[in-house]
Structure formats: C-alpha cells, structure tokens
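Residue numbers for the sequence shown follow this note's numbering, so the first one is 2 and each next one is one higher. These notes are about the structure you will find just below.
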Amino acid sequence: MPLDFDRSPVRAFSHASLPESLTSALVAVGAGRLIEHDTSDTCRCMSSITTPTDRLDDETATLVVDAADCPNGGSLATAPACRATVVSTLEDRDVDAVVVRTDGVERRFDDGAVGLLVAAGRFAERVGFYDDRLAERARHDPLGAAYEATGRAGPIRRAAVETGLAVGASDVEGYSDALRAVVGPTLARSRIDPHPPADARLVARTDLETGAVARRYETRHGPHYHLDPPESNLTPSAAQTLAAAHDALARGAVDAGPRAPGRAVRLVADADDPVDTLTAVLRKHTHGHGVLDDLFSDAHVSDVYVSTPADENPIRVVVDSEAMPTNVRLTPGGAASLASRLRRVSGASFSRADPTLDTVIDAGGTSIRVAGVTEPASDGLGFAFRRHDETPLTLPALVRNGTLSAEAAALCSLAVERGASVLVAGARGAGKTTFLESLLWELPSDVRAVLIEDTPELPAASLRDAGRDVQTLRTDTTGGPEPTPQEALHAALRLGDGALAVGEVRGDEAAVLYEAMRVGANASAVLGTIHGDGATDVRERVVSDLGVPASSFAATDLVVTCQRADSHRVARVEEVRPTAGDATFETLFAHDGASLAPTGTVERGDSLAIESISNPGESYADVLAVLDTRSRRLATLAETGRTDPADRTEPRLEGGSGC
C-alpha cells in the first residue's frame, strides 16, 4: 500500500535551536506540500554504482540508473517511487553523481541535487533505528522528512543536521528546484542545464544555423550564456529514434560516409519523426564536434574554454569580448572523447609523453585553433578554442574598426612594401596573427611569400585566390614528420628571393632568421609574431631567451605591439635603432587612450625607419609625401567600407607614391 505522508502522524516540534535562516527555509518548504507527482507507485529502475576504470587514483563513484522499463521514466523530480530506489541504494554508500538514462536521454545530477539524495540515504540508514516510518519517508520524500525531522527533538533532529539533510533541504522550493539535472542525449558528450539562472534578465537571443538558440542573460553574478540545442527539445519518441539511429550507425547497419547519419535515421524513423532535425543532431555528434559546432555557429562567440576537471566546470565562452559561463558541461568521458578526436585530426600523440596540443579544426563551418593540455602538465584535460575568422582582413579594415590610425597603417604598409623587417608583438589573444595577416596584403603582388607556421592560421588560400605566389611550410616541434622551424627556415632561404612570414618566432629558428636579416640574405620583407609587450620586452625575449645576438636583433626595423583592451588595438609602433653591438628604441606612434597618435618623431625628420625604407635618390620629405598620400587613401577606403583585398589592387605609383 503506498505511503500517504500528508496523513502521517507528526509529533509536536520546535525549530528553536536551528539557525533562523534554515528554520524559515524549512518551514516554507514544508508549507509548500513537497509531493509533486502524478506518477505510478511502482518503480522498475535498475541501479548500479560505477567507478572510473582508466585512472586507478580516481575514487569518484556514480550511481547509474537504467529507467528503460520504469513507467515513471526514472523521474526523480516527480516520482517518489524512483526517488526511493535511488535513496535506498545510497543508504549503503555515498556517490559523487547520479545518472538516470531512459529513452536515449541522460539526466545527470551533481552538486546540490546529489548532495540531497546522498544526505537522504545517510539519514534513512541512521534514523531507521529510531523511526521506521520516518526513514521510509526520507526515501520517498526527503524534503518532507527534513521538515519533519528538524522539528523533532533528540537523535532524529540531530541526524537530520549531521547527515546534511537539513541543510540540503533548506534552500529549495520543491523537487523541481532541488533535483535539477543537466540533460542530453546519451550519444552526446555534453550536458545542458535547461533552466536559465534564477532572477536572470534576458539581454539577447540568437537563432543559430545549427537549429540551436543562444540567449544571453544578466544575473547578479554577471553575464550568462544559455544554449538551447535542438536535441534538448526532442519528444521522448524522437529521442528514442535518435538513440536507435546512433546504435544502427555504431553497428554498421548503414554504409559509412558523410551521408551515413541520414541513412541511419531513415532506417529507424517513423513517419512522424523529425527526420531532418535528427539527422543534423546525429551528424553533429558523430561526424562533427558536438556542442562546439553549436557554440561556434554563433558569430558573437570568439573563444570557448574547457577547464579541468571538465565534467565539473561549466564551459565558458567569450562573447563580444566579454567572458561568461554557459549552461553546458562535458560528460566525464566527454573530454577524453574530444581529446581522442583531436588526436585523429591533428596526428599529434597528445599524451603524458607529449601533454600539449596545438591544432586547427573546423567547427560550425568555422576554422578554430585549439590548444590542449593533459597530465602531467595539468590535473586533467583542458582546452581553449579560438575562432579564426577566414575573412581576409586588410589594413583598411583595421583602420575602419579602430585597431590603428590611417597614419600608422600607412607607415606599416610602406615599410612592408619596401622590404622592412617587422615584428608584431603582444600577449595571447591580442590580435598579433590578425595584424600579420593584414601586412601580408601589403606585399607587392609580384613578390613571392613563404609562410612558416606550425598551426595553419595565415591566409595562404586567400592570397593564392588573389593571384599571389605563396609557399607554405608546416613545422613541427614534437618530433613528427614535418621539419622543425629551424629546418623550415633554412629551406625557405633556399627557395629563392621573396618575403618571409613566420607565424610565431619562439625557438631555435630565431637565430637563423636574424642572421639572414643581418647579412641581407632576404631582400624582401621579413615578418613575424612574438610574445612580448613592447620593443624592450621583445628584445629581452629574443636576445636573452632565444639566444640571438643583440647586434643581430638590431636588424629589426619596426616592432608593432598589439593589445587587447575593450577590443583589439595597436598600442604602439616603435622603430629599432642600432647602436654599438645593441639597439635602442624610439616610439613613432602611441595609443593615448582615444586613438593611436603620432609622437612627432616622424614629422620632425628624426625617424631612422623612414630613412631606411627610402628609395635611392628619394629624400626624407619625399617619403613623407608618399606616407601622406597613402594615409589619405587608406582613410578613404576605411570610411567608405572598401576593405576587401580587391579594393587594394589599384596600381601603385612609381616609387611607392600610390597606394
């Protein structure tokens, strides 16, 4: 016979000795009538406790509930009988998470939800010695049992406090609040919290090409990004079809290939199933990158971070330069699955022997740079994903968006055209690679460019499409089949005259690069990015850390420092002045908080860089005239929105006086 807790005798009680806040919360919960159900009194859930098998030092335990045959679907929020199955199991031992699986959907309970269930198990086991009826109530109705127990004197009340049941029940409004789960299809490696934050204010909504909906909220804790993927809104029948299609795909019931997800769905679908939606979801999670495809289909998202431990921390994103948490987490196996896929894509070992990863993937139709770490470099798997916009960015585009002024852009443009050596410095994410890309479009169209990089980010394909002669050299620092950066640079110098662009100057190749610059082995521009904050910092890194002689570093003409403030911007442009065996620096442009302004060095005729890029027979004043013409031309292109590479194809006037 089912228990009727509302009619159960309850002894007179007092909350006098409990903290006032806890007392008020429990009274409110008790007054709210906690039984929220219209379900069967029978539970046919099957439960088991699992522990990780891949890490012997990991003692975390998960209670896995198979609700496939349960008439209640294992709904812990609405079915007291299913709660009793879980709590009864937890009388024997604690767990770190509870996972319920049914109809191709997995609900994972962590944090406060699993804390309440574990506390109920402890309480039922302990209080059964004193009161069988209350112990049984704790199994079916932990919140009601907490309300009753904290009003009683002696060992029962003490048990509620010491097992954590009183605290676990004090800050919730009912089971829909207390037993919130993150949800996702069983085939997915991520889980979604479907509930927006409490007291959140909707700021923006975006319908994504993947069928997902992205919402941004303001909360008392700051901004929050809420993703609602299409699989979160499947009916139970459609979710079952998705699980069956995934099983068919895994069994090889359909031919492999890019169309396999659609074949698998059509093999098992009914006429009423949303075949197109199910196909897209199955393809995303089997042939794509899962939730990353959804996140990067949002053009406002530039970065995605997965911090260790990946299954406990929400994925974080950067939206319009603002970092915020999301309602998405990876499953315990999700990070490992992602690492395995990245190994296949990159060919890197990404293991204890080689615990870092740097590669590029395609997610949501966008090129994404991936950095990964694993043990022993970190406590587990962690990833950083950054959008790489393949839209060609030119100097006029950067002038238009405020990255730098037209005057500074004109100097950089002319310097690159006339074969200067330019280093682009800055911290990670400051926009170094973006600025280097824009400089590549300033190379004369008849100059061959050799691009050296370990991770393909520079716009080789776009340059070739524009008719440029571009040779790429892939490098590897991990002992793979590709040449080392040093070997690649030696090869580039043997490939003939042309410009060199090094994706990042950071190792032994620096000595080769600077020696080539010093002796004039390369007549065209030499470009590269490097980590550092200003010319002095870059000189210290190149000379002290990378072992380049100070006299060789003096072959650098310009150091452009990028900075990430409210948006990407150029902080300063400095020229390098050789001295006796070393170098000093002079700032030509500096950001004053409002714009990148000239310091007056160029205008006064004191710039060594202007002298070094002048053509034979060309005076300092002639170069200034060229810069003035070019600056006005760049400003016009920026103001009129003509920022494509094709807008820069007008013939340059003799001597570089055109643009």
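We put the beta carbon where it would ideally sit given N, CA and C, even for glycine.
Check: Roughly how many angstroms separate the alpha carbons of A26 and G175, rounded to a whole number?; Outcome: Only weak support exists for where A26 lies, its pLDDT of 46 falling under 50; the value from the coordinates is given anyway. Roughly 11 Å between the two C-alpha positions.
Check: Opposite R317 in the DSSP bridges: which residues?; Outcome: Y306, P326
Check: Let me check understanding here. Comparing Cα to Cα, which of R429, A410, L490 lies closest to R573?; Outcome: A410
Check: For R206, collect the residues of the same chain with a Cβ closer than 6 Å to its Cβ; drop the 5 residues on either side in sequence, then sort them by chain order.; Outcome: R216
Check: For T43, which residues of its own chain have a beta-carbon under 7 Å away from its beta-carbon, when the five flanking residues on both sides are left out?; Outcome: P72, A82
Check: Given that a residue counts as buried once 16 or more other Cβ atoms are within 10 Å of its Cβ, and exposed if not, what is R429?; Outcome: exposed
Check: Taking all protein chains shown into account, do 16 or more other C-beta atoms lie within 10 angstroms of the C-beta of F130, making it buried, or fewer, making it exposed?; Outcome: exposed
Check: Ordered along the chain, which non-local residues of its own chain (more than five positions away) have a Cβ less than 8 Å from that of A270?; Outcome: T242, A246, V276, L279
Check: Measure how close the beta-carbons of V119 and D95 come, nearest whole angstrom, since I'm counting them as under 8 Å.; Outcome: 5 Å
Check: Apart from the five residues on each side of it in sequence, which residues of its chain come closer than 7 Å, Cβ to Cβ, to P262?; Outcome: L250, T280, L283, R284, T287, H288
Check: Does DSSP put I157 in a helix, in a strand, or in coil?; Outcome: helix
Check: Is E174 helix, strand or coil when you go by DSSP?; Outcome: coil
Check: Helix, strand or coil for H196? Go by DSSP, reduced to three states.; Outcome: coil
Check: Starting from L501 and walking both ways along the beta strand (DSSP E), at which residues does that stretch end?; Outcome: 500-503
Check: Are the CB atoms of P230 and A254 within a distance shorter than 8 Å?; Outcome: no
Check: Let me make sure I understand the geometry here. Which of R475, Y226, Q487 has the alpha-carbon closest to that of I316?; Outcome: Y226
Check: Alpha carbon to alpha carbon, what distance is there between A337 and L396?; Outcome: 41 Å
Check: With distances taken from CA atoms, which of R449, G606, V423 is nearest Y515?; Outcome: V423
Check: Looking at L474: is its Cβ nearer than 8 Å to the Cβ of A502?; Outcome: no
Check: If you drop the 5 nearest sequence neighbours on each side, which residues of the same chain put their C-beta closer than 8 Å to that of L135?; Outcome: V128, A146, E149, A150, I157
Check: Is the number of C-beta pairs between the segment 572-589 and the segment 550-557 that are closer than 8 Å three or more?; Outcome: yes
Check: In chain order, what residues of the same chain lie with their CB nearer than 6 Å to the CB of S615, ignoring the 5 residues before and after it?; Outcome: V624
Check: Determine whether the beta carbon atoms of S48 and T86 lie at a separation below 8 Å.; Outcome: yes
Check: So, are the CB atoms of V292 and S191 less than 8 Å apart?; Outcome: yes
Check: Can you list, in chain order, the residues of its chain with a C-beta nearer than 7 Å to that of G499? Leave out the 5 residues immediately preceding and following it.; Outcome: V448, R449, A450, V451, S525
Check: Of the choices V106, L415, A512, whose alpha-carbon is the least far from that of A240?; Outcome: V106
Check: Which value, in whole angstroms, describes the spacing of the CA atoms of D97 and R138?; Outcome: 23 Å
Check: Got a sec, what are the start and stop residues for the beta strand (DSSP E) T141 sits in?; Outcome: Contrary to the premise, residue 141 reads as His rather than Thr in this sequence. That residue, H141, is in no beta strand (DSSP E); its alpha helix (DSSP H) goes 133-141.
Check: Just list the alpha helix (DSSP H) runs in the segment 332-419, keeping only unbroken ones of 4 residues or longer that don't cross its boundaries, in chain order.; Outcome: 335-347, 396-401, 407-418
Check: In chain order, what residues of the same chain lie with their CB nearer than 7 Å to the CB of R34, ignoring the 5 residues before and after it?; Outcome: Legend: pLDDT at R34 = 37, less than 50; position of this residue unreliable, no value from coordinates given.
Check: Along the chain, where does the beta strand (DSSP E) containing R221 start, and where does it finish?; Outcome: First-last for R221: undefined, no H or E at that position.
Check: Using 10 angstroms around the beta-carbon of G642, count the other beta-carbons present and answer buried if the total reaches 16, otherwise exposed.; Outcome: exposed
Check: I believe V560 touches V577 by the beta-carbon criterion, under 8 Å. Please report the beta-carbon distance rounded to the nearest angstrom.; Outcome: 7 Å
Check: On a CA-only basis, which of L441, D455, A489, T456 is nearest V471? Give me that one, please.; Outcome: L441
Check: By DSSP, does D629 sit in helix, in strand, or in coil?; Outcome: helix
Check: Looking only at its chain, what residues have a beta carbon closer than 7 Å to the beta carbon of A324, apart from the 5 residues adjacent to it on each side?; Outcome: R317
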